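Enquirer:
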Amino acid sequence: MVGTVEEAVAGIGDGALLAVGGFGLCGVPQVLIDGVLASGATDLAIASNNCGVDEAGLGVLLMAGRIRKMFSSYVGENKEFARQFLSGELEVELMPQGTLAEKLRAGGSGIAAFFTQAGVGTQIAEGGLPRKYDADGGIAVASPTKEVREFDHGGNTTEFVLEEAIVADFALVHALKADVYGNLVFNKAARNFNPLAAMAGKVCIVQAEEVVGPGELDPDEIHLPGVYVHRILPVGTDIAKPIEKRTVTAADTDAREGGN
227 MVGTVEEAVA
237 GIGDGALLAV
247 GGFGLCGVPQ
257 VLIDGVLASG
267 ATDLAIASNN
277 CGVDEAGLGV
287 LLMAGRIRKM
297 FSSYVGENKE
307 FARQFLSGEL
317 EVELMPQGTL
327 AEKLRAGGSG
337 IAAFFTQAGV
347 GTQIAEGGLP
357 RKYDADGGIA
367 VASPTKEVRE
377 FDHGGNTTEF
387 VLEEAIVADF
397 ALVHALKADV
407 YGNLVFNKAA
417 RNFNPLAAMA
427 GKVCIVQAEE
437 VVGPGELDPD
447 EIHLPGVYVH
457 RILPVGTDIA
467 KPIEKRTVTA
477 ADTDAREGGN
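Structure (structure tokens):
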């Protein structure tokens with residue numbers, strides 16, 4: 227357990243590779259991200275489903291020019307991300323969402339690489355996807371060709387592409403509850419990439435809304451065992467949780483406008 231965000235993010239230096247939980251702005255470890263921003267760490271590589279939005283999530287690091295490379299599966303909803311990528315300021319390794327999830331899980335499970343059908347027959351396997359542009363809009367770094375092999379799978383001969391695992395220097399995750407041993411419980415959809423990111427980090431740092439004592443968590447409700455967790459920062463339940471796209475029902479709209 228640590229008492230301050232500075233203690234939580236201690237050791238995250240320039241050039242570190244971070245695995246960060248969250249999906250959009252759901253389950254994002256914003257307190258820890260803000261701590262990394264305040265620490266001054268730069269030239270970061272980050273493995274996360276997306277890069278937040280312009281003013282929240284990982285977007286705060288992006289806006290400050292602290293990110294060198296993203297490993298992601300979705301990069302929409304962030305104009306600054308697009309600007310930096312197309313101008314050659316940011317390197318981006320795009321991949322199917324399930325592939326990213328498995329890369330993180332494999333990294334935390336001692337699996338160096340795996341074969342998957344996702345991406346076979348596309349530039350994911352064949353190479354040539356832009357990873358970084360130069361200042362003139364040309365491709366400075368392109369994705370490489372990956373190994374493709376055939377396997378007898380379910381009675382059919384099927385092609386699979388080789389994908390390497392991700393092992394991060396640090397993981398930043400958000401949990402609803404933690405106990406003092408680091409066992410974690412996530413809240414519904416806020417679980418998303420958090421357990422996988424936690425597994426992939428050599429040092430896993432958790433911001434938890436509530437920390438409880440030994441034995442207070444039912445073993446059946448634990449989503450991630452404490453063996454993966456190294457630091458826990460209690461953040462309370464009143465932290466900001468921005469909504470990326472707020473929608474309401476027609477009835478709610480009528481009520482706000484004084485309708486029936």
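Our numbering puts the first residue of the sequence shown at 227, with every later residue one more than the last. A virtual CB, placed ideally from N, CA and C, is assigned to each residue, including glycine. Small disclaimer: the values here were computed from a predicted structure and weren't measured.
Run through the region 244–294 for me and flag every whole alpha helix (DSSP H) of 4 or more residues, listed as ranges in chain order.
Expert: Entirely contained in the region 244–294, the alpha helix (DSSP H) runs reaching 4 residues are, in chain order, 256–265, 285–289.
Enquirer: For a quick check, are the C-beta atoms of V406 and A351 less than 8 Å apart?
Expert: No. Outside cutoff.
Enquirer: Output the boundary residues of the alpha helix (DSSP H) element that contains P421.
Expert: From DSSP, the alpha helix (DSSP H) with P421 extends over 420–426.
Enquirer: Quick one: what does DSSP say Q447 is sitting in, helix, strand or coil?
Expert: The sequence given here has Glu at residue 447, not Gln. Here E447 sits in helix by DSSP.
Enquirer: Could you spell out where the beta strand (DSSP E) holding A305 opens and where it closes?
Expert: Just to set this straight, residue 305 is Lys in the shown sequence, not Ala. Where K305 is concerned, there is no enclosing beta strand (DSSP E), although the alpha helix (DSSP H) it sits in stretches over 305–312.
Enquirer: Got a sec, what are the start and stop residues for the beta strand (DSSP E) A234 sits in?
Expert: Note, A234: premise wrong, no beta strand (DSSP E); alpha helix (DSSP H) at 231–234.
Enquirer: Note down the Cα distance separating K372 from V262, rounded to an integer number of angstroms.
Expert: When rounded, the distance between both Cα atoms is 34 Å.
Enquirer: Can you give the Cα-Cα distance for F487 and G237, rounded to whole angstroms?
Expert: Nothing about residue 487 can be reported from this structure: the residues present for the chain run from 227 to 486 only.
Enquirer: On the CB-based measure, 16 or more other CB atoms within 10 Å of its CB, does A476 come out buried or exposed?
Expert: Label assigned to A476: exposed.
Enquirer: Considering only C-alpha positions, which residue in the set A397, R331, P356 is nearest to A339?
Expert: When each option's Cα is compared against that of A339, the closest is R331.
Enquirer: Give me, in chain order, the residues of the same chain whose beta-carbon lies closer than 8 Å to that of D395; leave out the 5 immediate sequence neighbours on both sides.
Expert: I238, A242, L243, L244, G427, K428, V429.
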